[in-house]
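Peer 1:
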Amino acid sequence: MSDRKPVESWLTDMDGVLVHEGQPVPGAPEFVRALRASGKPFLILTNNSIYTARDLQARLNRMGFDVPEHAIWTAALATAQFLADQRPGGTAYVIGEAGLTTAMHAVGYVLTDFAPDYVVLGETRTYSFEAITKAVRLIDGGARFICTNPDPTGPSTEGALPAAGSVAAMISKATGVEPYFVGKPNPMMMRSALNTIDAHSETTAMIGDRMDTDILCGLEAGLQTVLVLTGISTRAEAERYPYLPSRIVSSVADLIDEI
1 MSDRKPVESW LTDMDGVLVH EGQPVPGAPE FVRALRASGK PFLILTNNSI
51 YTARDLQARL NRMGFDVPEH AIWTAALATA QFLADQRPGG TAYVIGEAGL
101 TTAMHAVGYV LTDFAPDYVV LGETRTYSFE AITKAVRLID GGARFICTNP
151 DPTGPSTEGA LPAAGSVAAM ISKATGVEPY FVGKPNPMMM RSALNTIDAH
201 SETTAMIGDR MDTDILCGLE AGLQTVLVLT GISTRAEAER YPYLPSRIVS
251 SVADLIDEI
């Protein structure tokens with residue numbers, strides 16, 4: 001990173017970077033505190049579309065993070081913004097929870113199952129076969145197919161859970177229509193985040209724990225990238241990818257002195 005411009009803005013993934021298995025990563029609350037004290041723009045990103053930014057703010061605050069609601073950017077918010085830019089005041093049939101439905105309402109979308117412009121698939125704790133069947137029929141009828149994120153599985157205390165990417169694959173198999181994924185690793189997620197904090201890619205760093213989403217997304221958006229080893233990808237695994245992060249550190253605690 002020595003040949004790059006100084007970092008003036010920060011984007012960071014949440015799970016695996018700031019939080020791991022429901023607990024704060026050691027040094028992560030101090031890292032966020034340093035970010036806030038510096039006055040530099042930053043956003044905490046997540047592909048999870050279940051929760052609103054306010055929900056996530058409360059969750060983080062309970063774990064010792066002092067984070068304002070406006071510093072959280074979810075795949076649901078990015079998806080709603082994308083659709084509002086593409087087709088302002090449109091209609092959508094939404095499979096998802098409050099994080100997604102609230103974001104869609106906020107941009108002026110009408111949620112309906114009558115000839116919607118889009119079928120929008122997000123994360124939910126309980127995927128309904130009836131809702132999936134309705135989505136298939138609406139897409140067959142001409143609705144465009146959007147999915148908040150391509151993650152095939154999500155974590156739980158009992159083990160992996162099917163996530164939006166897996167359900168999207170089922171709908172695609174039934175309809176022959178592939179969705180447009182807005183969340184990571186689509187660089188659209190990074191660009192919308194940059195626009196939200198009025199930041200430039202050349203002076204922004206993306207911190208993540210996954211090579212195949214966080215690092216790839218940051219790389220394709222032209223950001224500096226930092227892989228932390230507190231989540232999914234290991235140092236050995238990172239070496240097997242055809243691309244590399246700008247650097248690898250043990251955790252965000254190693255970055256505090258650079259803020």
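All letters in the sequence shown, in the order written, are residues 1 to 259 by full-length UniProt numbering. Glycine residues also receive a C-beta, built at the ideal position from the N, C-alpha and C atoms. Predicted model, so just to flag it, every value in this text is computed and none were measured.
Going straight from the alpha carbon of L194 to that of K173, what length do you get?
Peer 2: Counted from its first residue, the sequence shown places residue 194 at position 194. Counted from its first residue, the sequence shown places residue 173 at position 173. Cα to Cα, L194 sits roughly 34 angstroms from K173.
Peer 1: What residues are listed by DSSP as bridge partners for G208?
Peer 2: As a first step, residue 208 must be located in the sequence shown, where it is residue number 208. Partner(s): L227.
Peer 1: Could you spell out the range, first to last residue, of the alpha helix (DSSP H) harbouring T196?
Peer 2: The residue given as residue 196 occupies position 196 in the sequence shown. That run of the alpha helix (DSSP H) goes P187 to T196.
Peer 1: Using the beta-carbon count (16 or more within 10 Å), is K184 buried or exposed?
Peer 2: Mapped onto the sequence shown, residue 184 falls at position 184. K184 comes out buried.
Peer 1: Determine the burial state of G129: buried for a count of at least 16 other Cβ atoms within 10 Å of its Cβ, exposed for fewer.
Peer 2: Looking up residue 129 in the sequence shown gives position 129. One point to set straight first is that residue 129 is Phe, not Gly, in the sequence displayed. So F129 counts as exposed.
Peer 1: Apply the 10 Å Cβ neighbour rule to Q23 and answer buried if 16 or more other Cβ atoms are within range, or exposed otherwise.
Peer 2: Start at 1 with the first residue of the sequence shown, and residue 23 comes out as number 23. With fewer than 16 Cβ atoms within 10 Å of its Cβ, Q23 is classed as exposed.
Peer 1: So, using beta-carbon positions, are T91 and L45 closer together than 8 angstroms?
Peer 2: Within the sequence shown, numbered from 1, the residue matching residue 91 stands at position 91. Within the sequence shown, numbered from 1, the residue matching residue 45 stands at position 45. The answer is no: Cβ separation not under 8 angstroms.
Peer 1: Kindly indicate the opening and closing residues of the beta strand (DSSP E) around I139.
Peer 2: The count along the sequence shown starts at 1 and reaches residue 139 at position 139. Where I139 is concerned, there is no enclosing beta strand (DSSP E), although the alpha helix (DSSP H) it sits in stretches over F129 to D140.
Peer 1: DSSP three-state call for D15: helix, strand or coil?
Peer 2: Translated into the one-based positions of the sequence shown, residue 15 becomes position 15. Here D15 sits in strand by DSSP.
Peer 1: With 16 as the cutoff for other CB atoms within 10 Å, does P242 come out buried or exposed?
Peer 2: Position 242 of the sequence shown holds residue 242. That one is exposed.
Peer 1: In chain order, what residues of the same chain lie with their CB nearer than 8 angstroms to the CB of I197, ignoring the 5 residues before and after it?
Peer 2: For this step, residue 197 is matched to residue 197 along the sequence shown. Cβ within range, chain order: S9, P41, F42 and L43.
Peer 1: Chain D beta carbons: is any one of them nearer than 8 angstroms to that of T234?
Peer 2: Within the model displayed, chain D is absent; a lone protein chain is all it includes.
Peer 1: From what residue to what residue does the alpha helix (DSSP H) around R59 run?
Peer 2: The residue given as residue 59 occupies position 59 in the sequence shown. Segment A53 to R62, the alpha helix (DSSP H) holding R59.
Peer 1: Have a look at I232 and G218 and give me their C-alpha separation to the nearest angstrom.
Peer 2: Position 232 of the sequence shown, counting from 1, holds the residue named residue 232. Position 218 of the sequence shown, counting from 1, holds the residue named residue 218. Distance between the alpha carbons of I232 and G218 is about 16 angstroms.
Peer 1: Using the C-alpha atoms, what's the distance from D85 back to V32?
Peer 2: Taking the first residue of the sequence shown as 1, we reach residue 32 at position 32. Taking the first residue of the sequence shown as 1, we reach residue 85 at position 85. When rounded, the distance between both Cα atoms is 31 angstroms.
Peer 1: Do you know how far the Cα of D214 is from the Cα of H105?
Peer 2: Position 105 of the sequence shown, counting from 1, holds the residue named residue 105. Position 214 of the sequence shown, counting from 1, holds the residue named residue 214. Each residue's alpha carbon lies about 28 angstroms from the other.
Peer 1: By the 10 Å Cβ neighbour count, where 16 or more other Cβ atoms means buried, how is P150 classified, buried or exposed?
Peer 2: In the sequence shown, the residue the question calls residue 150 occupies position 150. Label assigned to P150: buried.
Peer 1: Please state whether the Cβ-Cβ distance between G96 and S49 is less than 8 angstroms.
Peer 2: On the sequence shown, position 96 is the one that residue 96 refers to. On the sequence shown, position 49 is the one that residue 49 refers to. In contact: G96 and S49 (Cβ atoms closer than 8 angstroms).
Peer 1: Ends of the beta strand (DSSP E) at I72?
Peer 2: For this step, residue 72 is matched to residue 72 along the sequence shown. Its beta strand (DSSP E) spans residues I72 to T74.
Peer 1: What's the gap between the Cα of A169 and the Cα of S38?
Peer 2: Residue numbering aside, residue 169 sits at position 169 when the sequence shown is read from its first letter. Residue numbering aside, residue 38 sits at position 38 when the sequence shown is read from its first letter. Cα to Cα, the separation comes out at about 43 angstroms.
Peer 1: Less than 6 angstroms between C-beta atoms, sequence neighbours within five positions excluded: which residues of the same chain meet that for I139?
Peer 2: Your numbering for residue 139 matches position 139 in the sequence shown. Counting only Cβ-Cβ distances below 6 angstroms, and skipping sequence neighbours, we find V119, F145, T175 and V177.
Peer 1: Mind checking which residues open and close the beta strand (DSSP E) that includes L43?
Peer 2: For the purposes of this step, residue 43 is identified with residue 43 of the sequence shown, where counting begins at 1. Where L43 is concerned, the enclosing beta strand (DSSP E) stretches over F42 to T46.
Peer 1: Within 10 angstroms of the Cβ of A115, are there 16 or more other Cβ atoms? Answer buried if so, exposed if not.
Peer 2: Within the sequence shown, the letter at position 115 stands for residue 115. By the 10 Å Cβ count, A115 comes out exposed.
Peer 1: Using only the alpha-carbon positions, how far apart do F82 and T225 sit?
Peer 2: What you label residue 82 is simply residue 82 of the sequence shown in a count that begins at 1. What you label residue 225 is simply residue 225 of the sequence shown in a count that begins at 1. Straight-line Cα distance between these residues: approximately 24 angstroms.
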